[in-house]
Amino acid sequence: MSSPSTEEALVALLPSLRAFAMSLTRNSAAADDLVQDAVVKAWSNLDKYQEGTNLRAWTFTILRNTYYSDRRKAAREVEDGDGILTGQLAEKPSHDGHLAMRDFRTAFNQLTDEQREALILVGASGFSYEEAAETCGCAVGTIKSRVNRGRAQLAELMGLDETDALEMTDSATMAVISAGRIATA
Amino acid sequence: MQDSDKENPVQREIDRNLKRIFDETAEQPLPPQLAGLVERLRQKEKSSSEVSK
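Here it is in structure tokens:
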């Protein structure tokens, strides 16, 4: 039996669970189904959740595991195994200081599942690398590689020239960024 | 985010947009399928436990 505070916390997590699901499924109907399945599983397994621990990470883990489990069952490949870009945007987007929303989402949807989830967890949801690694069941270094490669591929898809930005970056940071690009996700 | 990541303006812009597409969905009202889901699960559990008494 769950405590009222855990139930309230679970309800409060629904919007962000839905946003995370959307980044995985890239389809709102599928995202809603995924959230429903994940919440039912979380509810059924609340006896395994330890009160006071990170409920957000626990439910996000259930959701992403459900996503990958469903994918395996469907035996449908939605990405290239090694993350090769499947296509560029038709036109180079104009730069007005902020990336156009539609273009960014289009580019984001072309990344691999692992890169999208790493970027959303770390870049948008505020997970630490350690929390994201625990949620994804991989090493911290793997998450960092996926985030770096995802960002690099986004920049490439958006036609962003990093050299201008990198001119302002010191050589030590450039070495870290380059190493992140070379590391496999 | 890690401090070194904030040094790169392109990466900062990418992260801003990641948050935007995340918030775009997170700020929407929940669809009927999900609104009240936890309450429905709680009610179902409550009625199951009452039946078993």
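Just so you know, the sequences run in chain order A and B.
The opening position of the first sequence corresponds to residue 235 in the numbering used here, with each subsequent residue numbered one higher.
The opening position of the second sequence corresponds to residue -10 in the numbering used here, with each subsequent residue numbered one higher.
C-beta atoms are modelled at their ideal positions from N, C-alpha and C, and glycine is treated no differently.
Secondary structure note for Tyr363(A): its alpha helix (DSSP H) is the uninterrupted segment 363 to 370.
Per DSSP, Val273(A) is one residue of the alpha helix (DSSP H) stretching across 262 to 278. With respect to chain B, the C-beta atom of Glu241(A) has a partner C-beta closer than 8 Å. A Cβ of chain B is located within less than 8 Å of the beta carbon of Phe342(A).
Between the alpha carbons of Ala243(A) and Asn279(A) lies a distance of about 15 Å. Chain order gives the chain B residues near Arg252(A) as Thr14, Ala15, Gln17, Leu19, Pro20, Leu23, where near means a beta carbon separation below 9 Å.
In this structure Leu19(B) does not touch Leu353(A) by the C-beta definition: roughly 24 Å separates them, more than the 8 Å allowed.
Phe338, Arg339, Phe342, Leu353, Ile354, Val356, Gly357, Ala358, Ser359, Tyr363: these are the residues of the region 336 to 370 of chain A whose beta carbon lies less than 8 Å from some beta carbon of chain B, given in chain order.
Among the residues of chain B, those whose CB is under 8 Å from the CB of Gln270(A) are Gln22, Leu23, Leu26, following chain order. At the C-beta level, Leu268(A) and Phe342(A) stay beyond 8 Å of one another. The beta-carbon of Leu391(A) is placed no less than 8 Å from the nearest beta-carbon of chain B. From the listed residues Phe294(A), Trp277(A), Ala358(A), Ala246(A), the smallest Cα separation to Glu13(B) is found for Ala358(A). Following the DSSP letters along the chain, one finds Glu348(A) inside the alpha helix (DSSP H) bounded by residues 347 to 353.
With fewer than three CB-CB distances shorter than 8 Å, the region 277 to 292 of chain A does not count as touching the region 375 to 394 of chain A. Taking the C-beta atoms as reference points, Phe338(A) is found nearer than 8 Å to Ile10(B).
For Gln17(B) and Ala263(A), the gap between their C-alpha atoms comes out near 14 Å. DSSP, reduced to helix, strand and coil, places Ala373(A) outside both helices and strands of the structure shown, so it counts as coil. For Leu289(A), no Cβ of chain B is located within less than 8 Å of the residue's own Cβ. Counted as a single uninterrupted DSSP element, the alpha helix (DSSP H) harbouring Pro238(A) occupies residues 238 to 259.
By the criterion of a C-beta distance shorter than 6 Å, Phe361(A) is surrounded in its chain by Leu355, once the five residues flanking it on both sides are discounted. Excluding five sequence positions before and after Val374(A), the CB atoms of its chain that fall closer than 7 Å to its own CB belong to Tyr363, Glu364, Ala367, given in chain order. Residue state for Pro(-2)(B) is assigned as helix, using DSSP reduced to three classes. Contacts with chain B at 8 Å (Cβ-Cβ) include Val245(A). By alpha-carbon distance to Trp292(A), the top candidate from Cys370(A), Ala265(A), Leu391(A), Gly393(A) is Cys370(A). The C-beta distance from Leu297(A) to Leu251(A) rounds to 6 Å, short enough to fall under 8 Å.
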